[in-house]
Amino acid sequence: MVSTAAAARPSFDDFVVAHSPEFQRFAYLVTGSSEDARDAVQDALLGVFRKWEDHIRPDEATAYVRRSIANAHVSAWRKRRREHPQAEIGDFYDQPIADLAGPVCDADQARKLLAGLPRRQRAALVLRYWEDRPYRDIAEVCGCSEQAARRLVTRGLAALRARLGGT
Numbered sequence: 002m003v004s005t006a007a008a009a010r011p012s013f014d015d016f017v018v019a020h021s022p023e024f025q026r027f028a029y030l031v032t033g034s035s036e037d038a039r040d041a042v043q044d045a046l047l048g049v050f051r052k053w054e055d056h057i058r059p060d061e062a063t064a065y066v067r068r069s070i071a072n073a074h075v076s077a078w079r080k081r082r083r084e085h086p087q088a089e090i091g092d093f094y095d096q097p098i099a100d101l102a103g104p105v106c107d108a109d110q111a112r113k114l115l116a117g118l119p120r121r122q123r124a125a126l127v128l129r130y131w132e133d134r135p136y137r138d139i140a141e142v143c144g145c146s147e148q149a150a151r152r153l154v155t156r157g158l159a160a161l162r163a164r165l166g167g168t
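Residues in the sequence shown are numbered consecutively from 2, following the working numbering.
Next up, the structure:
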């Protein structure tokens with residue numbers, strides 16, 4: 002006999018189908034690269050899949066995926082920084098973009114502005130304003146208190162305002 006809790010619990014496939022677009026969007030905004038975003042989401046979902054049979058709740062799984070994406074991105078950044086401390090790598094965002102529609106240019110400008118922020122501030126702003134998440138969720142993903150999550154968002158916004166005011 003199947004309990005009502007087990008019957009109401011979605012399958013892993015249903016979870017992935019329901020949440021993949023938001024995970025991809027979050028990962029893209031955090032990493033700034035569609036390839037890195039796909040890899041980060043895939044790795045995070047693999048981690049959830051391993052825990053799915055242990056009856057992880059879907060809301061816990063969603064937070065786990067976001068935190069895994071943010072942590073993996075920070076870890077990869079740290080690793081690259083140690084491997085190439087003196088190397089200057091050409092930035093894709095510095096290349097000119099010709100004849101694109103307004104919304105695409107706005108999205109590109111937002112990505113450039115976010116790329117200039119520290120990684121935790123970037124993750125906090127993406128969660129707050131693109132994902133419309135409460136500070137509780139931001140704190141969980143960033144591994145800090147709600148008060149620290151508020152500071153991350155406030156400081157990130159201040160940095161963005163300063164950069165926009167200086168342009």
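Glycine included, each C-beta is placed from N, C-alpha and C at the ideal position. Being a predicted model, the structure only gives us computed values, none of them experimental.
- Note on geometry: alpha-carbon atoms of leucine 165 and serine 34 lie some 23 Å from one another.
- Taking all protein chains in view, the Cβ of glutamate 36 is surrounded by fewer than 16 other Cβ atoms within 10 Å, so the residue is classified as exposed.
- Contact between alanine 64 and alanine 41 does not hold, since their C-beta atoms are separated by about 15 Å, which reaches or exceeds 8 Å.
- Taking all protein chains shown into account, histidine 56 has fewer than 16 neighbouring C-beta atoms within 10 Å of its C-beta and is therefore exposed.
- Cβ neighbours of glutamate 132 within its own chain (closer than 7 Å, five residues either side excluded): Glu23, Phe27.
- In this structure, DSSP gives histidine 20 a helical state, which the three-state scheme calls helix.
- Between valine 154 and alanine 116 the beta-carbon gap is near 17 Å, outside 8 Å, which marks them as no contact.
- Here DSSP, grouped into helix, strand and coil, assigns isoleucine 57 to coil.
- Cβ-Cβ distances below 8 Å link arginine 123 to Leu30, Val31, Leu115, Ala116, Gly157 in the same chain, with the five nearest sequence neighbours on each side left out; the list follows chain order.
- Cβ-Cβ separation between valine 142 and arginine 67: approximately 5 Å, consistent with a contact (criterion under 8 Å).
- Residue Gly48 holds the alpha-carbon nearest to the alpha-carbon of serine 69 among Trp53, Asp60, Glu54, Gly48.
- Between aspartate 15 and leucine 161, the alpha-carbon positions lie close to 37 Å from each other.
- Alanine 140 and arginine 134 have their alpha carbons spaced roughly 10 Å apart.
- Assigned with DSSP and collapsed to three states, cysteine 145 falls in coil, not helix or strand.
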